[in-house]
Amino acid sequence: MNPPKTDARRHHDPAVRGFASDNYAGAHPEVLAALALANGGHQVAYGEDAYTENLQRVIRGHFGPTAEAYPVFNGTGANVVALQAVTDRWGAVICAESAHIHVDECGAPERVGGLKLLTVPTPDGKLTPELIDRQAYGWDDEHRAMPQVVSITQSTELGTLYTPAEIRAVCDHAHAHGMTVHLDGSRLGNAAASLDVPMRTLTNAAGVDLLSLGGTKNGALFGEAVVVLNPDAVRQVKHLRKLSMQLASKMRFVSVQLEALLAKDLWLRNARHANEMAQRLAEGVRAVHGVEILHPVQANAVFARLPYAVGERLRQRFRFYFWDEAAGDVRWMCAYDTTEDDVDAFVAALKEEMAR
Ligand SMILES: Cc1ncc(COP(=O)(O)O)c(C=O)c1O
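Here it is as structure tokens:
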């Protein structure tokens, strides 16, 4: 067989993968094939196309007959649109201090959405009724932004998971105080795969009103969706999406990607695989003396503490991020395309660097 010809238009080595982020992965070939299928001809713009219509059917299959999907470009956009739809101008959002909406969205919820975030420190990225109570007060006090929504993340930014019962407890507590519940499900598939439950069990069946559903980290080129689960609690996502610059004119290409992931089991296969690779990685790391795993490894992330100099040297060999440089804490993410060989090579490199 002839060796593959190099193509001058290719500017990277497709065989190289690291552990920096599930966003570093490319798009799954089945997603790319679906995009090609959706190409050609004219389709009504701005969401009146056949692919977006079919996505609604697929979403209802996952989340029940009242669920409605609003495809958007990215996860920050999904969160900003979703949270505006459940807050008044005087409203506030209770979330974990580690929440993506608080630490990783450049203040977009505040500046684009005009939202006040009320944060709570958590040991593991998870809110509980008791932790929510640290911010859930003062509804009658015009001096304080009014807590109107609780936002949780599943799987969390620290790679941990809420059980369905824990989500139910958060939702019951929020609802008892007249607040709605938003779930940042950028990695909801990883959570459902790990807990071996349908995504519905972790969302509307547990009381969640509104969801940011991830696609990008699960194998899409780009694209997420705001999914309205409880239409009685949510207002005007349609207008808010456009106002927030998240309305794609050629929406068929966002919708068809989500359809490719969700219509059958591609989402689950991808999520399961990424989770399995994280388990393999954690197992390998546990055998390396001097490296501490910081949080339960329940989805596709491994957080660890190791000497800073070792982390620095290892980063010359594989891409990943320090989470807390001063402490030497790092985050290692697995993706749908991480291979067993990638993990084994990484663990071998970690051992070498620790022994130096
Ligand atoms: C928990 C969580 N929410 C939302 C996002 C969405 O971010 P983006 O706007 O980069 O798609 C991310 C991405 O890293 C995330 O980890």
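Residue numbers (this note's numbering): 1 to 356.
C-beta: ideal position from N, C-alpha, C; glycine also.
At least one heavy atom of ligand 1 lies closer than 8 Å to the C-beta of K217. Not a single heavy atom of ligand 1 lies less than 8 Å from the C-beta of G64.
Taking V197 as the centre and dropping the five residues before and after it, the same chain places the C-beta of P164 closer than 7 Å to its C-beta, in chain order. Rounded to the nearest angstrom, the gap between the Cα atoms of K238 and H28 is 29 Å. Straight through space, the alpha carbons of L210 and M146 are spaced by roughly 19 Å. Below 8 Å, enough C-beta pairs join the segment 120 to 129 and the segment 85 to 97 to call them touching: three or more. If the five residues before and after A8 are omitted, its C-beta is found closer than 8 Å to no C-beta atom of its own chain. Secondary structure note for K351: its alpha helix (DSSP H) is the uninterrupted segment 340 to 355. Of the residues S244, E325, Y336, R317, the one whose Cα lies closest to the Cα of W267 is Y336. In this structure, S194 sits near S155, with a CB-CB distance shorter than 9 Å. Going by DSSP, C171 is part of no beta strand (DSSP E) but of the alpha helix (DSSP H) stretching over 164 to 176.
Under the three-state reduction of DSSP output, K250 falls in the coil class, being neither helix nor strand.
In this structure, A271 has its beta carbon at no less than 8 Å from each heavy atom of ligand 1. When DSSP states are grouped into helix, strand and coil, Y51 belongs to the helix group. Judged by beta-carbon spacing, V310 lies beyond the 9 Å limit of V285, meaning their Cβ atoms are not closer than that value.
Contact between Q148 and M199 is ruled out by a C-beta separation of about 25 Å, above the 8 Å threshold. Inclusion of G189 and F73 in the CB contact set at 9 Å is not warranted, their separation being larger than that value. For the pair C334 and D22, the CB atoms are nearer than the 9 Å cut-off. The three-state reading of DSSP puts L83 in helix, counting H, G and I together.
Distance from the C-beta of A349 to the nearest heavy atom of ligand 1 is not below 8 Å. With distances taken between CA atoms, P109 lies nearest to V81 out of V256, V81, F322, F19. Less than 9 Å divides the Cβ of L213 from the Cβ of A225. When DSSP reads this structure, G185 sits in a beta bridge with L213. Nearest neighbour of L314 by Cα position, chosen from I293, A345, D140, turns out to be A345. In the structure shown, D22 adopts helical secondary structure according to DSSP, grouped into three states.
Pairing L83 with L131 gives a Cβ-Cβ distance that is not under 9 Å. Where K242 is concerned, the enclosing alpha helix (DSSP H) starts and stops at 237 to 243.
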